[in-house]
Amino acid sequence: MLAPRQVRLLSVFNRYLESGGEEASVHRIFELLSSSMDTHRCAFSSSAWTGDTAPPAWSQALRMIRNPPSLRTLREAHAAHRPDAWLVHNVFPVGSAAIYREALRLRAPIICYIHNFRPFSVNGYLWAGNEIAGGGLRKNFWQEIRAGAWQNSVVKTAWFAFVLTIMHRLRWFRAVKAWVAISDFMREKFIEAGVPAADIFTVRHAWHPMPEPPAPPDQGHYLFLGRLIPAKGIAVLFDAWQIIRTELGVRAPRLVIAGAGPMESQVREIAAQNPLVEFRGPVSGAEKHGLIAGCRGMIAPSLWWEPLGLVTYEAYDFAKPMLAARSGGLTETVVHGATGFLHTPGNAAELARQVIELDASPERRTAMGRAGREWLIANTSEEDWLRKFTRVVEHATAGPG
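Per this note's numbering, the very first residue in the sequence shown carries number 657; after that it's consecutive.
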């Protein structure tokens, strides 16, 4: 008997100018799938539209709808690898919206891996100014447009909203035969937006834990690791640490912030004025691991609906407790009172109380960190992830393309 043919997938991804958690996830997903499926890449990069060789701004805007060079690249990859399905991540701006139209033309079923809310949000965050922009779930992008939510520009946001509206009006998302949500929260929101419940599956990210977490000396800090944008709750962090400083005085722990983003100059300024706040900029490799290993806990005070929050996985891998906002997918990875604490989004006083409570008890920090690591090992196995994703592929390829 002939062995069953391996499933063939084409992974489609437009890299961002700044590499972040989504890009790392895309890479991990590709590596995982390559262990059991015939997986190939079709990659685009936002950096292609920078520098002296970049197309003029008007051309970039039009090409967000349909970019002929990207479509040629995609057709060539499809012809070369003859995939059973396309695994589509981000396609903007260089890949273009017409990737979905091309899938319809080629009868290639799409599995859409939703790392954020982009099909229903211009900036992907469902965030406008200082508030949730839930109208996007009803394909109403005015809240984001008024706030200039994409690249701090009303004009650019309006254009991107127009591109998304075209995709919905022309029903290009019909090419998507299966959606992958990285949390139950995201799945529920996409169903609310009109995605058929039968076509969307929750598949939380897998993780490969270290055999044992390192045990370096306590360096006396709490760590924020992420993109420096208002939606991540940076201002909440600063307000909380002001409360902690007032309450504890010289006994107050330090706050270390690591990352990059639009708020970098503001973070640098505050760090220069506050001896309890240290800014380390973007970190990776040994420097990043050292900051996590030496911290007393990690913090994710997100104001937006966090899709999942891989920072929680990183904390648990190092047996560190997690202090997170009760926001989106974070509520599915942080067990309040067991692996860390959850606070009301935007409530700096509540976050400060939790830091003070945790800081007073090294034994509790150790117990919570241990519980977090146990959660990670029990809930993020690569084998379980592959089983779930295989069911998604079967669903996407079951009917006509």
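Cβ atoms here follow ideal geometry from the backbone N, Cα and C, with glycine treated the same way.
Would DSSP call N1035 helix, strand or coil?
Position 379 of the sequence shown, counting from 1, holds the residue named residue 1035. Note: N1035 maps to helix in three-state DSSP.
Could you spell out the range, first to last residue, of the beta strand (DSSP E) harbouring T858?
For this step, residue 858 is matched to residue 202 along the sequence shown. Start and end: 856 to 858.
Helix, strand or coil for T1086? Go by DSSP, reduced to three states.
Residue numbering for the chain in the displayed model covers 657 to 1057; residue 1086 lies beyond these limits and cannot be assessed.
Unbroken beta strand (DSSP E) runs of length 3 or more, entirely within the segment 871 to 895: which are they?
Segments of the beta strand (DSSP E) lying fully in the segment 871 to 895: 877 to 881.
Got a sec: is the Cβ-Cβ distance from L727 to anything in chain D below 7 Å?
Chain labels in this structure do not include chain D; a single protein chain is all it has.
Kindly indicate which three-state DSSP category A754 falls into: helix, strand or coil?
Along the sequence shown, one-based indexing puts residue 754 at 98. Here A754 sits in helix by DSSP.
Put F1045 into one of helix, strand or coil per three-state DSSP.
Position 389 of the sequence shown, counting from 1, holds the residue named residue 1045. Helix.
Does the beta-carbon of N746 have 16 or more other beta-carbons within 10 angstroms, so that it is buried, or is it exposed?
Residue mapping note: residue 746 aligns to position 90 of the sequence shown, counting from 1. Under this definition N746 is a buried residue.
Rounded to whole angstroms, what's the CA-CA distance from S1037 to G1028? Just pull it up for me.
Within the sequence shown, numbered from 1, the residue matching residue 1037 stands at position 381. Within the sequence shown, numbered from 1, the residue matching residue 1028 stands at position 372. Answer to the nearest angstrom: the Cα atoms are 14 Å apart.
What ranges does the alpha helix (DSSP H) occupy inside the segment 947 to 989, keeping only unbroken runs of at least 4 residues that lie completely in it?
List check, alpha helix (DSSP H) in window: 966 to 973.
Determine the direct distance from the alpha carbon of F857 to that of V663, and round the result to whole angstroms.
Position 7 of the sequence shown, counting from 1, holds the residue named residue 663. Position 201 of the sequence shown, counting from 1, holds the residue named residue 857. Between V663 and F857, the C-alpha separation is close to 19 Å.
Between which two residues does the beta strand (DSSP E) carrying K833 extend?
As a position in the sequence shown, residue 833 is number 177, starting the count at 1. Note, K833: beta strand (DSSP E), 832 to 837.
Tell me, to the nearest whole angstrom, how far the beta carbon of D973 is from that of P869; I am working on the premise that it is less than 8 Å.
Here residue 973 is taken as the residue at index 317 of the sequence shown, counted from 1. Here residue 869 is taken as the residue at index 213 of the sequence shown, counted from 1. With 8 Å as the limit, D973 and P869 qualify as a contact, their Cβ atoms being about 7 Å apart.
Tell me V744's beta-bridge partners as DSSP assigns them.
As a position in the sequence shown, residue 744 is number 88, starting the count at 1. According to DSSP, V744 bridges with V668, C768.
Between the alpha carbons of L1007 and W815, how many angstroms are there, rounded?
Translated into positions along the sequence shown, residue 1007 becomes position 351. Translated into positions along the sequence shown, residue 815 becomes position 159. Taking the straight line from one Cα to the other gives about 38 Å.
Would you check if the distance between the CB atom of P938 and the CB atom of I838 is smaller than 7 Å?
Start at 1 with the first residue of the sequence shown, and residue 938 comes out as number 282. Start at 1 with the first residue of the sequence shown, and residue 838 comes out as number 182. No, Cβ-Cβ distance for P938 and I838 is not below 7 Å.
Under the rule that 16 or more other beta-carbon atoms within 10 Å means buried, what is I1033, buried or exposed?
For the purposes of this step, residue 1033 is taken as the residue at position 377 of the sequence shown. The residue in question, I1033, is exposed, as its Cβ has fewer than 16 Cβ neighbours within 10 Å.
Do A975 and G941 have their C-beta atoms closer together than 7 Å?
Position 319 of the sequence shown, counting from 1, holds the residue named residue 975. Position 285 of the sequence shown, counting from 1, holds the residue named residue 941. No, they are not a contact pair.
Kindly list the residues whose CB is nearer than 8 Å to the CB of L658, restricted to its own chain and excluding five residues on each side of it in sequence; keep chain order.
By one-based count along the sequence shown, residue 658 stands at place 2. Its pLDDT being 38, under 50, L658 is placed unreliably by the model, and nothing is read from it.
Taking the C-alpha atoms as reference points, what is the distance between A736 and R722?
As a working mapping, residue 736 is identified with position 80 in the sequence shown. As a working mapping, residue 722 is identified with position 66 in the sequence shown. Their Cα atoms are separated by approximately 22 Å.
Is it true that the segment 827 to 847 meets the segment 916 to 924, where meeting means three or more beta-carbon pairs spaced less than 8 Å apart?
In short, these stretches do not touch, since the Cβ pair count stays below three.
In the DSSP output, which residue or residues are listed as bridge partners for T695?
Taking the sequence shown and counting its residues from 1, one reaches residue 695 at position 39. Answer is L665, bridged to T695.
Rounded to a whole number of angstroms, what is the C-alpha to C-alpha distance between G1057 and T1022?
For this step, residue 1057 is matched to residue 401 along the sequence shown. For this step, residue 1022 is matched to residue 366 along the sequence shown. Note that G1057 has pLDDT 47, beneath the 50 cutoff, so the model's placement of it is unreliable and the number below is only indicative. If you take the alpha carbons of G1057 and T1022, they lie about 51 Å apart.
Below 8 Å, how does it come out for the segment 750 to 767 and the segment 821 to 839: are there three or more Cβ pairs, yes or no?
Yes, they touch.
Starting from L911, follow its DSSP beta bridges and name the residues at the other end.
For this step, residue 911 is matched to residue 255 along the sequence shown. In DSSP, L911 forms a bridge with Y878, V933.
Given this structure, state the Cα-to-Cα distance separating Q1061 from R1043, to the nearest angstrom.
No answer is possible for residue 1061: it lies beyond the span of the chain, which begins at 657 and ends at 1057.
Taking Cβ positions, are L947 and W897 nearer each other than 7 Å?
Mapped onto the sequence shown, residue 947 falls at position 291. Mapped onto the sequence shown, residue 897 falls at position 241. No, Cβ-Cβ distance for L947 and W897 is not below 7 Å.
Excluding five sequence neighbours on each side, which residues of the same chain lie with their C-beta closer than 6 Å to the C-beta of C698?
Position 42 of the sequence shown, counted from the first residue, corresponds to residue 698. Cβ within range, chain order: L666, V668, L730, A733.
If you reduce the DSSP assignment to three classes, tell me which class F700 lands in.
Indexing the sequence shown from 1 puts residue 700 at position 44. It is a strand residue.
Could you tell me whether the Cβ atoms of M954 and A971 are closer together than 7 Å?
The sequence position of residue 954 within the sequence shown is 298, counting from 1. The sequence position of residue 971 within the sequence shown is 315, counting from 1. Yes; because the gap between Cβ atoms is below 7 Å, this pair is in contact.
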